[in-house]
Amino acid sequence: MIESLVNLFWAFIKVGSFSFGGAYSLIPLIEKEVVKNHQWLTHDEFLKVLGMVEIFPGAISIKFATYTGYKTAGILGAVAANLGNIFTPAILILMSTFIYSIYEKNILVTKAFNGIKYAIIGMIVAIMYQYAVKNGNHWQEFVLLAVGAALIIFFKLHPAYVVLIAAIIGIFIL
(Lines of atoms letter the chains of each structure in order from A and count residues from 1; the text may use other names and numbers.)
(Lines give C-alpha, C1' and ligand atoms only; values in the text may rest on other atoms or scores of the structure.)
Protein backbone atom coordinates (compact mmCIF):
# COMPACT_ATOMS: atom_id res chain seq x y z
CA MET A 1 0.00 0.00 0.00
CA ILE A 2 2.80 2.45 0.92
CA GLU A 3 4.53 1.69 -2.39
CA SER A 4 1.32 2.50 -4.31
CA LEU A 5 0.96 5.80 -2.45
CA VAL A 6 4.56 6.76 -3.14
CA ASN A 7 4.21 5.81 -6.82
CA LEU A 8 1.03 7.87 -7.11
CA PHE A 9 2.70 10.86 -5.45
CA TRP A 10 5.75 10.70 -7.76
CA ALA A 11 3.72 10.08 -10.93
CA PHE A 12 1.57 13.11 -10.25
CA ILE A 13 4.46 15.25 -9.08
CA LYS A 14 5.77 14.76 -12.64
CA VAL A 15 2.40 15.81 -14.04
CA GLY A 16 2.29 18.88 -11.80
CA SER A 17 5.93 19.75 -12.44
CA PHE A 18 6.00 19.45 -16.22
CA SER A 19 2.53 20.43 -17.37
CA PHE A 20 2.85 23.89 -18.82
CA GLY A 21 -0.05 25.71 -20.42
CA GLY A 22 -2.99 24.36 -18.53
CA ALA A 23 -5.43 21.53 -18.92
CA TYR A 24 -5.07 20.27 -22.45
CA SER A 25 -1.31 20.54 -22.68
CA LEU A 26 -0.91 18.07 -19.81
CA ILE A 27 -3.17 15.30 -21.14
CA PRO A 28 -0.32 13.46 -22.93
CA LEU A 29 1.77 13.63 -19.75
CA ILE A 30 -1.04 12.20 -17.64
CA GLU A 31 -1.62 9.47 -20.23
CA LYS A 32 2.07 8.54 -20.21
CA GLU A 33 2.12 8.22 -16.42
CA VAL A 34 -1.19 6.47 -15.76
CA VAL A 35 -1.44 4.31 -18.91
CA LYS A 36 2.07 3.63 -20.21
CA ASN A 37 4.35 3.88 -17.17
CA HIS A 38 2.14 2.42 -14.43
CA GLN A 39 -0.81 0.75 -16.21
CA TRP A 40 -3.24 2.10 -13.61
CA LEU A 41 -5.70 2.76 -16.46
CA THR A 42 -6.09 1.19 -19.89
CA HIS A 43 -6.03 3.46 -22.94
CA ASP A 44 -9.79 3.04 -23.40
CA GLU A 45 -10.43 3.77 -19.74
CA PHE A 46 -8.19 6.84 -19.98
CA LEU A 47 -10.30 8.20 -22.85
CA LYS A 48 -13.53 7.48 -20.96
CA VAL A 49 -12.19 9.20 -17.86
CA LEU A 50 -11.05 12.13 -20.01
CA GLY A 51 -14.61 12.52 -21.25
CA MET A 52 -15.93 12.21 -17.71
CA VAL A 53 -13.54 14.73 -16.15
CA GLU A 54 -14.35 17.30 -18.81
CA ILE A 55 -17.97 17.52 -17.67
CA PHE A 56 -17.14 18.35 -14.05
CA PRO A 57 -15.74 21.68 -12.89
CA GLY A 58 -12.15 22.04 -11.81
CA ALA A 59 -8.68 21.26 -13.06
CA ILE A 60 -8.33 18.18 -15.25
CA SER A 61 -5.13 17.11 -13.50
CA ILE A 62 -6.84 17.15 -10.10
CA LYS A 63 -9.76 15.09 -11.39
CA PHE A 64 -7.39 12.58 -13.03
CA ALA A 65 -5.29 12.41 -9.87
CA THR A 66 -8.40 11.83 -7.80
CA TYR A 67 -9.80 9.15 -10.11
CA THR A 68 -6.50 7.34 -10.60
CA GLY A 69 -5.48 7.60 -6.96
CA TYR A 70 -8.83 6.36 -5.71
CA LYS A 71 -8.93 3.49 -8.19
CA THR A 72 -5.38 2.47 -7.26
CA ALA A 73 -5.31 2.95 -3.48
CA GLY A 74 -8.64 4.35 -2.27
CA ILE A 75 -8.99 7.67 -0.49
CA LEU A 76 -5.34 7.75 0.59
CA GLY A 77 -4.36 7.18 -3.04
CA ALA A 78 -6.49 10.13 -4.15
CA VAL A 79 -4.86 12.28 -1.46
CA ALA A 80 -1.31 11.15 -2.37
CA ALA A 81 -1.87 11.74 -6.10
CA ASN A 82 -3.32 15.20 -5.50
CA LEU A 83 -0.54 16.22 -3.12
CA GLY A 84 1.98 15.24 -5.78
CA ASN A 85 -0.02 17.07 -8.41
CA ILE A 86 -0.15 20.40 -6.58
CA PHE A 87 3.22 20.36 -4.79
CA THR A 88 5.49 21.86 -7.46
CA PRO A 89 2.99 24.37 -8.90
CA ALA A 90 2.14 25.66 -5.42
CA ILE A 91 5.81 26.19 -4.53
CA LEU A 92 6.58 27.79 -7.90
CA ILE A 93 3.60 30.13 -7.74
CA LEU A 94 4.54 31.27 -4.26
CA MET A 95 8.13 31.97 -5.32
CA SER A 96 7.26 33.54 -8.67
CA THR A 97 4.58 35.78 -7.16
CA PHE A 98 7.19 37.26 -4.87
CA ILE A 99 9.75 37.68 -7.67
CA TYR A 100 7.21 38.94 -10.23
CA SER A 101 6.00 41.63 -7.84
CA ILE A 102 9.54 43.00 -7.85
CA TYR A 103 10.21 42.78 -11.62
CA GLU A 104 6.75 43.06 -13.25
CA LYS A 105 7.56 46.39 -14.93
CA ASN A 106 10.78 45.08 -16.54
CA ILE A 107 10.45 45.02 -20.34
CA LEU A 108 12.36 41.73 -20.68
CA VAL A 109 10.03 40.03 -18.20
CA THR A 110 6.99 41.35 -20.10
CA LYS A 111 8.38 40.12 -23.43
CA ALA A 112 9.27 36.71 -21.97
CA PHE A 113 5.71 36.25 -20.68
CA ASN A 114 4.30 37.24 -24.07
CA GLY A 115 6.54 34.65 -25.76
CA ILE A 116 5.44 31.97 -23.32
CA LYS A 117 1.78 32.87 -23.88
CA TYR A 118 1.98 32.28 -27.65
CA ALA A 119 3.94 29.04 -27.29
CA ILE A 120 1.26 27.75 -24.92
CA ILE A 121 -1.48 28.64 -27.40
CA GLY A 122 0.39 26.58 -30.01
CA MET A 123 0.66 23.64 -27.61
CA ILE A 124 -3.07 23.77 -26.88
CA VAL A 125 -3.95 23.87 -30.59
CA ALA A 126 -1.65 20.88 -31.23
CA ILE A 127 -3.22 18.85 -28.43
CA MET A 128 -6.72 19.73 -29.59
CA TYR A 129 -5.85 18.60 -33.11
CA GLN A 130 -4.37 15.32 -31.85
CA TYR A 131 -7.38 14.71 -29.60
CA ALA A 132 -9.83 15.34 -32.46
CA VAL A 133 -7.94 13.13 -34.93
CA LYS A 134 -7.49 10.31 -32.39
CA ASN A 135 -11.13 10.29 -31.31
CA GLY A 136 -13.06 11.54 -34.33
CA ASN A 137 -13.91 8.47 -36.37
CA HIS A 138 -17.37 9.43 -37.61
CA TRP A 139 -18.84 12.50 -39.25
CA GLN A 140 -21.18 12.98 -36.29
CA GLU A 141 -18.25 13.57 -33.97
CA PHE A 142 -16.85 16.26 -36.24
CA VAL A 143 -20.31 17.88 -36.40
CA LEU A 144 -20.31 18.05 -32.60
CA LEU A 145 -16.80 19.51 -32.69
CA ALA A 146 -17.88 22.20 -35.16
CA VAL A 147 -21.10 22.97 -33.27
CA GLY A 148 -19.23 23.27 -29.97
CA ALA A 149 -16.60 25.56 -31.45
CA ALA A 150 -19.22 27.71 -33.20
CA LEU A 151 -21.32 28.08 -30.05
CA ILE A 152 -18.31 29.36 -28.12
CA ILE A 153 -16.58 31.42 -30.83
CA PHE A 154 -19.52 33.02 -32.61
CA PHE A 155 -22.34 32.93 -30.07
CA LYS A 156 -20.16 33.45 -26.97
CA LEU A 157 -22.09 30.71 -25.20
CA HIS A 158 -20.75 29.65 -21.82
CA PRO A 159 -18.76 26.38 -22.08
CA ALA A 160 -21.00 24.73 -19.47
CA TYR A 161 -23.98 25.18 -21.77
CA VAL A 162 -21.97 23.86 -24.71
CA VAL A 163 -21.21 20.70 -22.72
CA LEU A 164 -24.89 20.23 -21.89
CA ILE A 165 -25.95 20.82 -25.50
CA ALA A 166 -23.27 18.38 -26.74
CA ALA A 167 -24.49 15.74 -24.28
CA ILE A 168 -28.06 16.11 -25.52
CA ILE A 169 -27.04 16.07 -29.19
CA GLY A 170 -24.71 13.14 -28.51
CA ILE A 171 -27.62 11.11 -27.15
CA PHE A 172 -29.41 11.45 -30.47
CA ILE A 173 -26.63 11.30 -33.09
CA LEU A 174 -23.82 9.20 -31.62
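In case it helps, numbering that gives the first Met the number 0 puts the sequence shown at residues 0 to 173. For every residue, glycine included, the Cβ atom is placed at its ideal position computed from N, Cα and C. These numbers come from a predicted model, not from an experiment.
Straight-line measurement puts the Cα of Ala89 at about 23 Å from the Cα of Lys104.
When secondary structure is reduced to three states using DSSP, Met0 falls in the coil class, being assigned neither helix nor strand. Ile119 sits in a helix when the DSSP states are folded into three classes. Annotation: Tyr117 to Ile123 spans about 10 Å, alpha carbon to alpha carbon. Val142 and Asn136 have their C-alpha atoms some 11 Å from each other. Short of 8 Å from the beta carbon of Ser24, and not among the five residues preceding or following it, lie these beta carbons of its own chain, in chain order: Ser18, Ile119, Met122, Ile123, Ile126.
Using a Cβ distance threshold of 7 Å, Val34 and His42 count as a contacting pair. Check the Cα spacing between Val14 and each of Ile61, Lys110, Ile172: the tightest is with Ile61. Here Leu28 is not near Leu75, since their CB atoms are 7 Å or more apart. With respect to the 7 Å criterion, Val161 and Leu150 are classified as neighbours on the basis of their beta carbons. Here Thr67 is near Ala80, since their CB atoms are less than 7 Å apart. Residue range 138-152 is occupied by the alpha helix (DSSP H) that includes Val146. Boundaries of the alpha helix (DSSP H) harbouring Phe97: 59-102, taken from the DSSP string. Counting the other CB atoms within 10 Å of its CB gives Glu32 a total of 16 or more, which places it among the buried residues.
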